[in-house]
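Residue numbers (this note's numbering): 23 to 923.
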């Protein structure tokens, strides 16, 4: 065999055909042949993830147009030997780079996390003998032995299966272990329906098996996911895209304006070259909001801390804001919307149908008959059914102090134990009283389990549970309320179909009294049974998820379920959660037949996508992103990782999630609760609104400073502030004052608004007007104070110090105004502010006193002590600014009301 054979539908071939294709036998390969194939095919390992060096990651932080302008300004000041200016500019750039560097570097771990899912050892047949070999040495054609607890080391076509069950949740999302057999299945079977296959990375939950390796390393299903994960491009967040666009526009404007003003200063105002350069640097550093990236980073970090308190762990800062723009949540079903715990919801007996309610595996529950609550103790037929369900069962349900009830064993059998406990039976005592004598274990071939029990002072009884159609075929009568009755097969087939239509997994239960004195049972004894009834079970939705879905819908956020489970089960959960008014289900098989354009329409119209593969999930996320929607993808399995990485914000489950899912996601839910996502979305919206307030506060201060310098050049006047003083104002006040806006509480109507468009402009018309208006007012205030100081005989240095203090005071009063963009700030709440605002004002006042009155700061920034009269005038200027802006807000409100009228 020259290379590893690749056949698309191994699951559809007979075992003989598979062995022939792979040139192998059921006794395995010879050691020599295995060595030759290993050289040809390569190791059974996934490729290592490529990662950037720390230096490359650090240098990438400087790849920003605004940073380039600041570095250019630093170079100019260095050439002119203005070392203080150069040092301050470079310090600002370095602070921004360090913040970005600290937040990066985890995404490349995703491939390593997938790689860790591959088993390290494997039991194989070589030269006809059983031996253990490193999993990396497996080759196509090797025969691998599987036992309970093993992790499947490669993709296998099963040759033999004895009560074999595999937990494939990491690939399919299905919560129940899947029964496996060696029989071929249809070539177009979905991944979760390929019962003749065992896939790399899945776990053997029960039984034994033998399989031949058909794919290794990157050619396995796990390898395909790894390849997809490595090729998926992570999208920029909405805020990042907005800021990049804003940075480009601002950079072009600043460079154009600086070039024009340099030429004007040089040729019209006869500045010498050095003075003209310094003036241009002043324009650049005044117009660039260099403190804004720092404030935005810290504001996002505050959002991260708030979310962590709500059990939402954000792995990258921009993900906080992305949550606020989410318009569609694509959620996995199992363990995310549901509890990942099987629960019996319905029991159908001859002539009676009971509904059961209850949380998880706890013994407390409520039984209803025809809508009325009943006491199970008053229904002997129900108790007998529950007794059989508990006895024909190998699971145990335990409760440790301070912990939830949990199942030991098969989740479906755990649900039956819980059913008996909810009916009032003491299961452990019951099992002691009804001693088990013998059993026929469940097998996928005969599709049932049978146990023989001898109760105290009573004849032995055989209980049989299994696939309802199989149980029904082995029954000759049924146990009614009045005794044994003739079997009504049509009635039972109708009930089975009705339960399946609700998405329930259906089991049948029957019994038989064997020949007297017999203490054993075999398959020959499992016949002529008496049907006790059937039951329906499901992995129920979380109660908190129902509330969360309602909140999502009121906030204009669509919720779509993407699952590997069956369509009927997924649709039942979707209806119970009320994901949409009309539930439309699309299967993975249907998705395969759609081109990209068709998929976009189907993705929008459908609510549930069932029997999906990892490729389907990734395509669906891309299709939903086609109209610029912002997509959040939740999941917990390796199968979710590529879609988690591609989505605008990937949300992994912290408890049940695999390492690969967590590394690919931008956020991890520590409590695995879908409702936590809604809390995170609210926090994300709050962060974005507060960031808009920060921008609305920052840009006018920069605009006012730029106007001051430009007008000074145009009129041939001395600069009212120096570039290094502007950097002081921008960096210190932006952090100390602008940051206080990040602590503003959410508005009451925040979650009643529709999601914002990801293409929404950062500068809305009203914000542009406010920036222009306040910039002009700031410039007039600065010029007014500068001229007033010079006319009373102050030095230029003192006049500039007065201007810097007046500028800071105006920023403080403007801060109180911008907290309420439309509502008035002239209220007790508005005047007092939040604790953060008061602390920020106090901090700025303190550092500004240091700037003005301490010798080291005077030497660094060329400042001078300011007298009381100048200080009071500056405060009066701030009060006037606040009153004027409040009048402006009132006029705008009246104008809007007039237009609506």
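Glycine residues also receive a C-beta, built at the ideal position from the N, C-alpha and C atoms.
Residue closest to residue i, alpha-carbon to alpha-carbon, out of the options
i	options	result
residue 655	829, 160 and 350	350
residue 564	660, 697, 344 and 167	697
residue 331	880, 787 and 702	702
residue 392	632, 325, 375 and 287	375
residue 547	383, 570, 671 and 461	461
residue 154	162, 163 and 168	168
residue 367	389, 727 and 534	389
residue 343	745, 704, 598 and 665	704
residue 562	712, 866 and 433	433
Straight-line Cα distance separating residue j from residue i
i	j	result
residue 404	residue 397	10 Å
residue 355	residue 592	7 Å
residue 381	residue 205	38 Å
residue 377	residue 710	46 Å
residue 499	residue 399	25 Å
residue 667	residue 657	11 Å
residue 467	residue 512	25 Å
residue 622	residue 66	37 Å
residue 576	residue 774	6 Å
residue 34	residue 481	47 Å
residue 917	residue 193	58 Å
residue 178	residue 429	29 Å
residue 321	residue 761	7 Å
residue 818	residue 277	28 Å
residue 861	residue 836	16 Å
residue 906	residue 839	10 Å
residue 436	residue 521	20 Å
residue 612	residue 625	12 Å
residue 348	residue 647	11 Å
residue 797	residue 790	10 Å
Residue range of the alpha helix (DSSP H) that includes residue i
i	result
residue 644	636-646
residue 832	818-840
residue 39	37-44
residue 712	696-737
residue 435	433-444
Outcome for residue i when other beta-carbon atoms lying within 10 angstroms are tallied against a minimum of 16
i	result
residue 820	buried
residue 187	buried
residue 788	exposed
residue 31	exposed
residue 569	exposed
residue 715	buried
residue 504	exposed
residue 18	No information on residue 18 is available, as it lies outside the stretch 23 to 923 that the chain covers here.
residue 721	buried
residue 401	buried
residue 274	exposed
residue 394	exposed
residue 876	exposed
residue 76	exposed
Proximity below 7 Å, CB of residue i to CB of residue j
i	j	result
residue 52	residue 149	yes
residue 801	residue 914	no
residue 799	residue 895	no
residue 486	residue 472	yes
residue 899	residue 794	no
residue 885	residue 846	no
residue 238	residue 160	yes
residue 445	residue 408	yes
residue 863	residue 897	no
residue 457	residue 476	yes
residue 303	residue 284	no
Closer than 7 Å to chain B by CB, residue i
i	result
residue 874	Looking at the structure shown, chain B is missing, and only one protein chain is on hand.
Boundaries (first-last residue) of the beta strand (DSSP E) holding residue i
i	result
residue 351	350-353
residue 230	225-237
residue 334	334-336
residue 470	470-477
residue 421	418-421
residue 612	Unbroken run through residue 612 is the alpha helix (DSSP H), 610-614; no beta strand (DSSP E).
residue 503	Element bounds for residue 503: n/a, residue is neither H nor E.
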